[in-house]
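> Each residue of the sequence shown is one higher than the one before, counting from 4 in this note's numbering. Following this message is one structure expressed as structure tokens.
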Amino acid sequence: MNDYLDPINSVGMPEKIDSAIALDLLITIKEAIRNYSVALTEAASPEVRTTIRNQMEAALDFQEEITNLLVRKKWFHPYDVAEQQMLDLKSAQTAVDIAGLDLFPENNNRKGLFPTPPQ
Numbered sequence: 004m005n006d007y008l009d010p011i012n013s014v015g016m017p018e019k020i021d022s023a024i025a026l027d028l029l030i031t032i033k034e035a036i037r038n039y040s041v042a043l044t045e046a047a048s049p050e051v052r053t054t055i056r057n058q059m060e061a062a063l064d065f066q067e068e069i070t071n072l073l074v075r076k077k078w079f080h081p082y083d084v085a086e087q088q089m090l091d092l093k094s095a096q097t098a099v100d101i102a103g104l105d106l107f108p109e110n111n112n113r114k115g116l117f118p119t120p121p122q
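Below, the structure is given as structure tokens:
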């Protein structure tokens with residue numbers, strides 16, 4: 004990827020962003036479930052334990068929905084380590100490519116590349 008402003012380089016980017024957001028959501032909800040389990044062991048009253056347990060069960064249901072979405076979209080392969088490794092390597096290479104972009108190129112003249120609105 005030599006020119007990040009060239010529209011051809013944005014092909015497939017929306018799906019990559021969607022998968023990254025969904026994976027981040029999965030990580031966040033799993034962390035929330037861990038926090039609920041710790042809070043459950045620290046709760047003193049039965050009412051608080053019931054509330055935390057209900058919230059944790061809802062979080063577990065949400066985690067299942069997110070995981071099913073990721074598997075259905077082929078963004079996550081929990082039962083195929085080789086496939087998941089290939090996906091992770093591809094994602095890592097994309098991150099390295101993006102990090103290596105020259106964000107302030109010498110030639111930043113885009114005249115003629117994009118349509119100019121009427122004056």
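Note that the Cβ used here is the ideal one computed from N, Cα and C, for glycine as well.
#1: Residue 62 and residue 35 look like a contact to me (Cβ under 8 Å); what is the Cβ gap, rounded to whole Å?
#2: Given this structure, state the Cα-to-Cα distance separating residue 42 from residue 53, to the nearest angstrom.
#3: Starting from the N-terminal side, write out each stretch of the beta strand (DSSP E) that is 3 residues or longer and does not extend beyond the region 16 to 102.
#4: Which one of 102, 31 and 77 has the shortest CA to CA distance from residue 66?
#5: Select from 102, 37 and 23 the residue whose C-alpha is nearest the C-alpha of residue 2.
#6: Pull up the distance between the alpha-carbon of residue 79 and that of residue 95, whole angstroms please.
#7: Quick check on the burial criterion: 16 or more other C-beta atoms within 10 angstroms. Buried or exposed for residue 101?
#8: Just the Cα atoms here: how many angstroms apart are residue 44 and residue 33?
Straight from the coordinates:
#1: 5 Å
#2: 11 Å
#3: none
#4: 31
#5: Any answer about residue 2 is impossible in this case: the structure gives the chain only from 4 up to 122.
#6: 15 Å
#7: exposed
#8: 17 Å
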